């Protein structure tokens, strides 16, 4: 009986070891995720995301690296403290960590005029952790705003 238990433990240990060994060789590695939050307001302080169709961003925003490579991006709107925020998740392949992402936005409802606006984001990449360090709108540095309730910061963009 004891020998049967030892054999089962040995087989289980070998299977577990093989599983972890295969994880390192897996081609399906986790992509790099770049996440940040924006709040869009008009000059009167009204939140512009209240009646906004999020699907427009798929055609109105182009996300790329400094080299001009297009980056996969997903948008969602959520509400916190009676404010609506745009959550932006961009991702690159596991071997393609970048320090700069450029968002080219052409949307009159959110940005004001029909001109293209450039959001340049700088990221700190270290130890599988990616954090936003700076955001520039048309070359002008924006200041992040921290919410009191949770450890949450975002940028406010004012419609011109």
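Residue numbers (this note's numbering): 750 to 909. We put the CB at the ideal spot given by N, CA and C, even for glycine. Fair warning: this is a prediction, and the values are worked out from it, not measured in the lab.
| Asked | Found |
| --- | --- |
| For residue 797, three-class secondary structure by DSSP | coil |
| Helix, strand or coil at residue 868 [DSSP, three-state] | strand |
| Residue span of the alpha helix (DSSP H) that contains residue 806, given as start and end | 806 to 809 |
| Opposing strand residues paired with residue 857 [DSSP bridges] | Answer by DSSP bridge pairing: none, since residue 857 is not bridged. |
| Cβ-based burial, residue 842 [other Cβ within 10 Å; buried from 16] | exposed |
| Limits of the beta strand (DSSP E) - the one that residue 784 falls within | 781 to 790 |
| C-beta atoms of residue 859 and residue 870 nearer than 7 angstroms | no |
| Which listed residue (779, 818, 799, 813) has its alpha carbon closest to that of residue 854 | 813 |
| From 852, 903, 895, 801, residue whose alpha carbon lies closest to that of residue 886 | 852 |
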